[in-house]
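J.: Got a structure for you, questions after.
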Amino acid sequence: MHCDLIIIGAGPAGMAAAATAAQIGLTVVVLDEQPRPGGQIYRDVDRVAPLRGDILGRDFTEGTALTAGLDHPNIHHIAGAVVWSVEEAVSVHYTRAGQSHRVTGKRILLATGALERPMPLPGWTLPGVMTVGAGQIMLKQSGLVSARAVLVGAGPLLYLLAVQMLRAGAPPLALVETQTKGDALRAIRHVLGALHGWRDLRNGLAMLYELWRGGVPRYLAATDIAIEGAAHAEALRFVSGGKAHRIAAGSVFLHHGVVPNTQAARTIGIAHRWDAGQACFAPELDVWGQTAVKTVFIAGDGARIGGAKVARVAGALAALQIAQQLGRITAPQRDQKARSLVRRLQAERAIRPFLDAAYPPMAQALSPQDNTIVCRCEEVTAGDIRRSAQLGCLGPNQAKAFCRAGMGPCQGRYCGLTVSAVLAQENMRSMGETGYFRIRSPIKPVTLAELASAEDTQGHE
Amino acid sequence: MKTVSEFHSLNASTALVSVWYRGRRLDLPEGANLAAALLAVGITSFRETPVSGAPRGPYCMMGACFDCLVTIEGVTRQACMLEVSAGLRISSLADPQGGQDAL
Amino acid sequence: MEADYAIVGGGVVGLSVAWGLLRRGRRVIVIDGDDGSFRASRGNFGLIWVQSKGKEQPRYARWSQQSATAWADFAAQLQGNTGCKLALEQRGGYDLHFSEESLASTVAEYEALKRKLGGDYPYEVLDQSALRREEPAIGPKVFGAILHHQDGQVNPLKLLMYLADDVRRLGGQVLCGKRVTDVKKADMFAIHCADGTVVRAQKLVLAAGLGAAELGPKLGFKAPVRAQRGQLLITEKLPKLINRPSITARQVAEGGIQIGATEEEVGLDDGVTQKGVVALARDAIAAYPALGRAQIVRSWGALRVLSPDGLPIYHQSALMPGAYLVTCHSGITLAPAHAFFLPDWLENTPAAPDLEVFSENRFRVS
Chain A
1 MHCDLIIIGA
11 GPAGMAAAAT
21 AAQIGLTVVV
31 LDEQPRPGGQ
41 IYRDVDRVAP
51 LRGDILGRDF
61 TEGTALTAGL
71 DHPNIHHIAG
81 AVVWSVEEAV
91 SVHYTRAGQS
101 HRVTGKRILL
111 ATGALERPMP
121 LPGWTLPGVM
131 TVGAGQIMLK
141 QSGLVSARAV
151 LVGAGPLLYL
161 LAVQMLRAGA
171 PPLALVETQT
181 KGDALRAIRH
191 VLGALHGWRD
201 LRNGLAMLYE
211 LWRGGVPRYL
221 AATDIAIEGA
231 AHAEALRFVS
241 GGKAHRIAAG
251 SVFLHHGVVP
261 NTQAARTIGI
271 AHRWDAGQAC
281 FAPELDVWGQ
291 TAVKTVFIAG
301 DGARIGGAKV
311 ARVAGALAAL
321 QIAQQLGRIT
331 APQRDQKARS
341 LVRRLQAERA
351 IRPFLDAAYP
361 PMAQALSPQD
371 NTIVCRCEEV
381 TAGDIRRSAQ
391 LGCLGPNQAK
401 AFCRAGMGPC
411 QGRYCGLTVS
421 AVLAQENMRS
431 MGETGYFRIR
441 SPIKPVTLAE
451 LASAEDTQGH
461 E
Chain B
1001 MKTVSEFHSL
1011 NASTALVSVW
1021 YRGRRLDLPE
1031 GANLAAALLA
1041 VGITSFRETP
1051 VSGAPRGPYC
1061 MMGACFDCLV
1071 TIEGVTRQAC
1081 MLEVSAGLRI
1091 SSLADPQGGQ
1101 DAL
Chain C
2001 MEADYAIVGG
2011 GVVGLSVAWG
2021 LLRRGRRVIV
2031 IDGDDGSFRA
2041 SRGNFGLIWV
2051 QSKGKEQPRY
2061 ARWSQQSATA
2071 WADFAAQLQG
2081 NTGCKLALEQ
2091 RGGYDLHFSE
2101 ESLASTVAEY
2111 EALKRKLGGD
2121 YPYEVLDQSA
2131 LRREEPAIGP
2141 KVFGAILHHQ
2151 DGQVNPLKLL
2161 MYLADDVRRL
2171 GGQVLCGKRV
2181 TDVKKADMFA
2191 IHCADGTVVR
2201 AQKLVLAAGL
2211 GAAELGPKLG
2221 FKAPVRAQRG
2231 QLLITEKLPK
2241 LINRPSITAR
2251 QVAEGGIQIG
2261 ATEEEVGLDD
2271 GVTQKGVVAL
2281 ARDAIAAYPA
2291 LGRAQIVRSW
2301 GALRVLSPDG
2311 LPIYHQSALM
2321 PGAYLVTCHS
2331 GITLAPAHAF
2341 FLPDWLENTP
2351 AAPDLEVFSE
2361 NRFRVS
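Residue numbers (our numbering), protein chains in the order written: chain A, 1 to 461; chain B, 1001 to 1103; chain C, 2001 to 2366.
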């Protein structure tokens, strides 16, 4: 199969880019792992919005406008497509129903979104412990809400899930929040900027009010967090307000921010830099989302965390630049269409510095105790990683060879940032110097039979 | 194995189909997300890790963490990326025939 | 910073030599690269392999055999010192053949080599049914195999890690994140690094893998090493499926099945390609059909360090006596040789092995 533009990911950035490109006349293939479009933020929105729109709110249901945009003769949306290889000479391999397929194109847009920041705490591998995002996916897609849940960490997503659970008639037992008074003070200097995003601020305050009215207890500046349980999460222990607490719970939902999912971009050698403000690695891009590998663009949370509204604008901007480079519109036409989008982008991004400062990553999870598991797949502890540093590992690739962190099927998605952080601390080097895992295809595990079934690659070597 | 679910459902009753999980028959909503459907009937641990044998269940629900792995027709799959279909036979990697024996 | 020996290169080759010298009471400083350096030590297949080596040069076959024979003792000493588990197994290994012709021609080569080695080349030929008794997972496309009893496998990453550990325990200094920019020699070697570090030593061992190509000429070596890429795959952890290793696949102690490896002349590109991984998958399924259902969880590319004839180079510089080039493709197989035997050569003791056939003199000046 051949097209002008291959888009990986049918979330807000991917869907908006597809619609924009298709309207200009580009042929577009959208590859997405899920059975239905929406990404994680608008997961299964077409089916779910009529069922639970009241609980999930307008920020969710408005996703139907984006999924509707995929209904265009120039867009071929392939659902259930697991991309395992991306090559810059514009070739993408994916598996679907046990068979490998190949798409070629002129440009690729990676719209692979975000992952939740790894949150290694004692007991975080127990069944019953999930990410806040997972808790929300359970609610959105499956209409399942935990009856005895504690939400732990920091950030607006914690409030959003708590409010949605409250509306669903199953309020969480408690919010155990890790941001401190110091974080609030640091955030104050971003308040003026955040006022440009006054709608977001207002929504945030409304959520807090709703939780207060609903009687959901909030514990602040929590430290020494641990999840107890033998075969399943049974309770959460923590210290807050100078006192030790223990809350019996059946579900523990963790969250302290999201970070760009850079797996695909890294396989094609796109440079990433450490973003101290967002405490994550992000790809190096120009204003249109184009990388130094000229055939590859990145938009949405996979480029820089900004949320769904930023993502859809960024996706549209990338599509305009691609259309211009492929000669379908002129530069002035592109700029004319881009003008209002850029203004929207700035407005939608206004809240971000405030949020990043007010809800920073939890300190305990950035420097876990020696016996805390960091790499869930290979069950490698923070102590193992520190030991690797003592044996001369300056970066995560040598450490991976020494202690196996990052070698499992998740390919470092839920340990990579922690491994780098622990090594950076031990070696007293910056995150930028320490670097990140070298990621290679297959981006997701693929069976040997699926690999062997791949359509023959052409035009290489 | 826990049999009381931590989750309660907001859904009106939906059509159920039978699947086999480690040799045991379960009736799950057709077309539902498999990981969510197993959690909803009280199955919280989907596997034992090959490293230490520790129990694991769904963590991310978006195909990224690989903790909800199950074995279907001898192939390891992410339960959170599958949908429930009639007759599905789900076993564990350590005992890939476990789903078959019961039939 | 001063030592008897400076060893440039902190991979398995450099650390094995360092370990051997430290055990003889020498003071050693190892100068190592950074996290992104090309590291064959991190990307290799983990075989301890005798068969097929030295078909044109029996001395290399013998050197590999001597090292393979010393592996158990080497592992025991390393494990004794560090309490590690290297997952060493030396129960033989296979060269799988898919046709009668390829098997017969390899057997003819092995027979010729066996005669040159005075009969010491313990291998047997297994037809398909004999092979499947040993390896039930072997598929019908495999015609037969050569089982060589001196072959085996080890966890190469643990070897690297425990050498790094034990070299430190024995008092060696390992300087990480260094790039050697220049070497001067007056009464001692002065090795200058990009960050300003200067290491002084009586003797210098250049064990920098592909880095020797750049640094070697400054020390008077030809150092004609080139990169050859190998791409490898590894599956999820599986129940026992493969008994003995082959060059096609081996099951590591943790359960994953490692599949290798391509041989590509692409310079200093250690990437993986769609074409490469697809070819590996097809070959692996042809040998072990059950692998079709296994998930590949990782792939990687690594660069072999090859001399023009594929044999190791052991050479003392004429320009700078006291500087030694040590480089080879098979750093895992040869680790015990480098730890136990090479120090005698470096120290010029009566027990020094005759390594003349491995000197650079065999390469014409180009």
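Ideal Cβ positions, reconstructed from N, Cα and C, are used throughout, including at glycine.
Sort A/22, A/57, A/56, A/304 by Cα distance to residue 73 of chain A and report the nearest one.
T.: The candidate whose alpha carbon is nearest that of residue 73 of chain A is A/22.
J.: Just how far apart, CA to CA, sit residue 449 of chain A and residue 2250 of chain C?
T.: Straight-line Cα distance between these residues: approximately 18 angstroms.
J.: Starting from residue 297 of chain A, follow its DSSP beta bridges and name the residues at the other end.
T.: The partner list for residue 297 of chain A (beta bridge, DSSP) reads A/109, A/290.
J.: Short of 8 angstroms Cβ to Cβ, which residues in the segment 1007-1035 of chain B face chain A?
T.: Within the segment 1007-1035 of chain B, the qualifying residues are 1007, 1008, 1009, 1010, 1011, 1032, 1033.
J.: Is it true that the segment 2190-2199 of chain C meets the segment 2211-2230 of chain C, where meeting means three or more beta-carbon pairs spaced less than 8 angstroms apart?
T.: Because the criterion of three Cβ pairs below 8 angstroms is not met, the segment 2190-2199 of chain C and the segment 2211-2230 of chain C do not touch.
J.: If we count Cβ pairs, one from each stretch, closer than 8 angstroms, do we get three or more for the segment 70-87 of chain A versus the segment 23-30 of chain A?
T.: Yes, they touch.
J.: How close, in whole Å, do the beta carbons of residue 2061 of chain C and residue 2095 of chain C come, if the pair is a contact with beta carbons under 8 angstroms?
T.: Between residue 2095 of chain C and residue 2061 of chain C the Cβ distance is about 14 angstroms, and since that is not below 8 angstroms, they are no contact.
J.: Name, please, each residue of chain B whose Cβ falls closer than 7 angstroms to the Cβ of residue 145 of chain A.
T.: Within chain B, the residues near residue 145 of chain A are 1007, 1008, 1010.
J.: Less than 8 angstroms between CB atoms is the rule here; does residue 2293 of chain C satisfy it with respect to chain B?
T.: Closer than 8 angstroms: yes.
J.: Determine the contact status of residue 493 of chain A and residue 121 of chain A, defining contact as a CB-CB distance below 8 angstroms.
T.: Outside the displayed range of chain A (1 to 461) lies residue 493 of chain A, so it cannot be described from this structure.
J.: Residue 46 of chain A and residue 20 of chain A: beta carbons closer than 8 angstroms?
T.: Not closer than 8 angstroms, so no.
J.: My understanding is that residue 6 of chain A touches residue 92 of chain A, with C-beta atoms under 8 angstroms, so please give their C-beta distance in whole angstroms.
T.: Confirmed, about 5 angstroms.
J.: Would you mind sorting residue 2110 of chain C into buried or exposed? The rule is 16 or more other CB atoms within 10 Å of its CB.
T.: Residue 2110 of chain C is buried by the Cβ-count criterion.
J.: Please check if any C-beta of chain C sits within less than 8 angstroms of the C-beta of residue 448 of chain A.
T.: True, the Cβ-Cβ gap to chain C drops below 8 angstroms.
J.: If you draw a straight line from the alpha carbon of residue 2169 of chain C to that of residue 2027 of chain C, how long is it in whole angstroms?
T.: Roughly 12 angstroms between the two C-alpha positions.
J.: In chain C, what lies closer than 7 angstroms to residue 1070 of chain B by C-beta?
T.: By Cβ distance, chain C contributes nothing, its closest Cβ being about 12 angstroms from residue 1070 of chain B, past 7 angstroms.
J.: If you drop the 5 nearest sequence neighbours on each side, which residues of the same chain put their C-beta closer than 7 angstroms to that of residue 2358 of chain C?
T.: Correct list, in chain order: 2311, 2312, 2313, 2314.
J.: Please determine if the segment 146-153 of chain A and the segment 169-186 of chain A are in contact, where contact requires at least 3 C-beta pairs separated by less than 8 angstroms.
T.: Because the criterion of three Cβ pairs below 8 angstroms is met, the segment 146-153 of chain A and the segment 169-186 of chain A touch.
J.: Whose C-alpha, out of C/2175, C/2052, C/2135, is nearest the C-alpha of residue 2105 of chain C?
T.: For the residues C/2175, C/2052, C/2135, the minimum Cα distance to residue 2105 of chain C belongs to C/2052.
J.: Is residue 209 of chain A buried or exposed, if buried means 16 or more other CB atoms sit within 10 Å of its CB?
T.: The residue is exposed, with fewer than 16 neighbouring Cβ atoms inside 10 Å.
J.: Does DSSP put residue 1027 of chain B in a helix, in a strand, or in coil?
T.: If DSSP states are grouped into helix, strand and coil, residue 1027 of chain B belongs with the strands.
J.: Where does the unbroken beta strand (DSSP E) through residue 2334 of chain C begin, and where does it stop?
T.: No beta strand (DSSP E) contains residue 2334 of chain C, which DSSP labels as neither H nor E.
J.: Within 8 angstroms of any Cβ in chain C, is that where the Cβ of residue 119 of chain A sits?
T.: False, the Cβ-Cβ gap to chain C never drops below 8 angstroms.
J.: Please give me, in chain order, every unbroken run of the beta strand (DSSP E) with length at least 3 that falls completely inside the segment 2070-2156 of chain C.
T.: DSSP runs (the beta strand (DSSP E)) wholly in the segment 2070-2156 of chain C: 2093-2097, 2123-2127, 2144-2148.
J.: Got a sec: which bits of the segment 79-101 of chain A sit with their beta carbon under 8 angstroms from any beta carbon on chain C, in order along the chain?
T.: Against chain C - using a Cβ distance shorter than 8 angstroms - the residues of the segment 79-101 of chain A are 85, 87, 91, 93.
J.: Name, please, each residue of chain A whose Cβ falls closer than 9 angstroms to the Cβ of residue 1083 of chain B.
T.: Those within 9 angstroms of residue 1083 of chain B in chain A are 35.
J.: Which residues in chain A have a C-beta closer than 8 angstroms to the C-beta of residue 1041 of chain B? List them in chain order.
T.: Per Cβ cutoff of 8 angstroms: no residues; residue 1041 of chain B is ~11 angstroms from chain A at best.
J.: Counting beta carbon pairs with one atom in the segment 109-117 of chain A and one in the segment 8-20 of chain A, are three or more of them shorter than 8 angstroms?
T.: Yes: at least three Cβ pairs fall under 8 angstroms.
J.: With distances taken from CA atoms, which of A/391, A/135, A/299, A/358 is nearest residue 464 of chain A?
T.: Any property of residue 464 of chain A remains undetermined from this structure, which presents chain A solely from 1 to 461.
J.: Where does the unbroken alpha helix (DSSP H) through residue 2021 of chain C begin, and where does it stop?
T.: Looking at the DSSP string, the run of the alpha helix (DSSP H) that includes residue 2021 of chain C is 2012-2023.
J.: Going by DSSP, name the residue or residues bridged to residue 96 of chain A.
T.: The partner list for residue 96 of chain A (beta bridge, DSSP) reads A/99.
J.: Which of the three DSSP states, helix, strand or coil, is assigned to residue 1062 of chain B?
T.: Residue 1062 of chain B falls in the coil class under three-state DSSP.
J.: Pick helix, strand or coil for residue 12 of chain A, following the three-state DSSP scheme.
T.: Looking at residue 12 of chain A - three-state DSSP - the assignment turns out to be helix.
J.: Between the segment 353-379 of chain A and chain B, which residues of the former have CB atoms less than 7 angstroms from a CB of the latter, in chain order?
T.: Answer in chain order: 376, 377, 378, 379.
J.: Counting C-beta neighbours from all protein chains within 10 Å, is the total for residue 388 of chain A 16 or more, i.e. buried, or is it exposed?
T.: Counting Cβ neighbours within 10 Å, residue 388 of chain A comes out buried, since at least 16 surround it.
J.: Quick check on residue 1055 of chain B - is its C-beta less than 8 angstroms from some C-beta in chain C?
T.: Not closer than 8 angstroms to any Cβ of chain C, the Cβ of residue 1055 of chain B fails to qualify, so no.
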